[in-house]
Amino acid sequence: MLDKLRALKEKREDIELQLSDPEVINDMKRYSQLSKEYKDLEKIATAHDQYKDILSNIDHNKHILDTEKDPEFRELAKMELEELQVRKSELEESIKKLLVPKDPEDAKNAILEIRAGTGGDEASIFAGDLYRMYRRYFERQGWKIDVITENEGTVGGFKEIAIEVAGDDVYGTLKYESGVHRVQRVPETESQGRVHTSAASVVVLPEADEVDLEINDNDIRKDTFRASGAGGQHVNKTDSAIRLTHIPTGVVVECQDERSQIKNLAKAMKVLRARLYEMEVNKRMEEVALQRKTLVSTGDRSAKIRTYNYPQGRVTDHRIGLTLYNLDNIMNGEIEEIIDALQLAENTEKMKAGSSV
């Protein structure tokens with residue numbers, strides 16, 4: 018383990034030298050990639066120093082026990098050695114997690130899209146509930162959000178809403194939320210008291226910078242139209258809404274939340290860039306998928322990943338068989354336990370795959 022840590026620390030020191038190279042500084046894409054890699058290796062370098070220090074202290078205390086005759090001094094060394102062994106085991110567990118290969122996109126900000134699925138008005142209401150759940154979770158994490166576009170439901174909630182989420186390791190934390198979320202409850206519009214099943218889809222995209230993806234302006238068709246909204250909200254008298262079509266792929270993005278055409282264009286470009294970047298990422302992930310079947314799938318947006326059952330007060334994540342009976346807290350943004358379990362399942366699988374190679 019120490020050899021692996023030493024190699025990664027030396028790699029970080031080599032990157033530090035490269036970052037001072039004028040040729041690298043003048044290459045924005047290369048400099049950005051190296052800066053990110055340097056930052057990602059910071060915890061590894063710290064762990065290396067801590068682990069090396071603990072091993073040295075363990076050897077020192079063992080030497081005392083082998084050579085020292087004073088009973089009191091030997092007892093102190095024995096107690097300290099026991100504490101060091103515990104710390105060594107704890108640090109080794111955290112190091113194992115650090116050594117699990119991280120997806121290069123994990124540290125990125127993300128774009129979160131929620132769309133009402135089957136279930137009519139109830140699906141829109143549920144999409145609104147999911148948005149509030151995530152928003153409260155983001156507040157707890159200290160992350161910043163910016164609404165890119167929203168389309169309100171006729172009786173509440175959203176037919177569709179897209180937001181930008183900025184903070185530390187946002188995409189790596191949220192990427193497992195992509196998929197179909199299903200709700201089972203008695204809708205407010207149900208007069209007979211029957212439980213209905215509705216659904217909403219969640220898509221999490223890694224935010225792409227210009228250095229990540231180059232888009233040819235000639236490949237984009239830009240259309241403007243007049244914004245509209247439920248109840249006359251956000252209705253403009255000018256054509257401020259933007260629709261972008263990426264001709265080679267057919268990807269279409271609309272944004273009408275801002276009153277300024279320039280701001281709508283900037284937000285639409287951000288979403289378009291994220292969707293095209295995700296397509297590139299998925300191509301790279303296909304090779305990995307052929308080598309191992311990922312337990313916690315993030316690629317299939319049509320997969321039913323989670324059920325929120327209101328009559329029984331439970332939430333079940335179907336990918337890892339996790340069932341929790343604290344629905345109210347979860348809908349209030351307390352989703353850490355679910356996300357931690359998903360990350361643990363993925364990391365465990367990666368470690369198994371790595372040890373079998």
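Residue numbering for the sequence shown follows our numbering, beginning at 18 and increasing consecutively.
For each residue, glycine too, the CB sits at the ideal point set by N, CA and C.
Remember, predicted model here, so these are calculated numbers, not experimental data.
Using DSSP bridges, identify the partner residues of Q201.
T214 and N326
Would you check if there are 3 or more beta carbon pairs closer than 8 Å linking the segment 88 to 97 to the segment 154 to 165?
Not touching, per the Cβ criterion.
In or out: I279 buried (at least 16 other Cβ within 10 Å) or exposed?
exposed
How many Å lie between G267 and L147 at the Cα?
Straight-line spacing of the CA atoms in G267 and L147 works out to 28 Å.
For T262, which residues does DSSP report across the bridge?
R238 and V269
Would the segment 201 to 218 and the segment 333 to 350 be scored as touching if the rule is three or more Cβ pairs under 8 Å?
no
Could you tell me the boundaries of the alpha helix (DSSP H) in which N74 lies?
Its alpha helix (DSSP H) spans residues E59 to T84.
Run through the DSSP bridge pairs and tell me what R336 is partnered with.
Beta-bridge analysis with DSSP links R336 to no other residue.
Roughly how many angstroms lie between the CA atoms of Y154 and E122, to the nearest whole one?
21 Å
With respect to the beta strand (DSSP E) encompassing R132, which residues constitute its N-terminal and C-terminal limits?
Counting along the chain, the beta strand (DSSP E) containing R132 begins and ends at A127 to A133.
Tell me the rounded alpha-carbon separation between D70 and K114.
20 Å
Just verifying my parser: in three-state terms, what is the DSSP assignment at L282?
helix
Determine the extent of the beta strand (DSSP E) in which E167 is found, giving its start and end residues.
K161 to E169
Are the segment 45 to 57 and the segment 74 to 86 touching by the rule of at least three beta carbon pairs closer than 8 Å?
Inter-segment contact for the segment 45 to 57 and the segment 74 to 86 is absent: fewer than three beta-carbon pairs are separated by less than 8 Å.
Enumerate in chain order the residues of its own chain whose CB-to-CB distance from E194 is below 6 Å, with the five nearest sequence positions on each side excluded.
V219 and V221
Following the continuous beta strand (DSSP E) through E122, name the residue where it begins and the one where it ends.
Segment: none, E122 is in no beta strand (DSSP E) and carries neither H nor E.
Closest to A183 by CA distance: which of A127, I142 and S277 is it?
A127
Where A62 and V164 are concerned, what is the direct C-alpha to C-alpha distance, given to the nearest angstrom?
37 Å
Could you pull out every residue in the same chain whose Cβ sits closer than 8 Å to the Cβ of Y55, ignoring the five residues on either side in sequence?
R29, I32, E33 and L36
To the nearest angstrom, how far is it from the Cα of G249 to the Cα of T262?
Annotation note: pLDDT 40 at G249 (below 50); position unreliable, coordinate value reported separately. Distance between G249 and T262, taken at the CA atoms: about 26 Å.
Between which two residues does the beta strand (DSSP E) holding K192 run?
Per DSSP, K192 belongs to no beta strand (DSSP E) and is neither H nor E.
Quick check: the segment 130 to 145 against the segment 172 to 181, are at least 3 beta-carbon pairs closer than 8 Å?
yes
Cβ of Y188 within 8 Å of Cβ of K119?
For Y188 and K119, no; Cβs fall outside 8 Å.
The beta strand (DSSP E) that contains A179, what's its start and end?
F175 to A183
In this structure, does DSSP put L36 in helix, strand or coil?
coil
Restricting to Cα atoms, I'd like to know which of T324, I180, E366 and R152 is closest to V288.
That would be I180, whose Cα lies nearest to the Cα of V288.
Under three-state DSSP, which class holds R23?
DSSP places R23 in helix when its eight states are reduced to three.
Would D259 pass as a contact of T241 if the rule is Cβ separation under 8 Å?
First, the residue type needs correcting, since residue 259 is Ile and not Asp in the sequence shown. In this structure, T241 lies closer than 8 Å to I259 by Cβ.
Once DSSP output is grouped into helix, strand and coil, what is the label at R153?
helix
Could you check which residue in Y327, E295 and T214 has the C-alpha nearest to that of G134?
T214
With respect to the alpha helix (DSSP H) encompassing R104, which residues constitute its N-terminal and C-terminal limits?
P88 to L116
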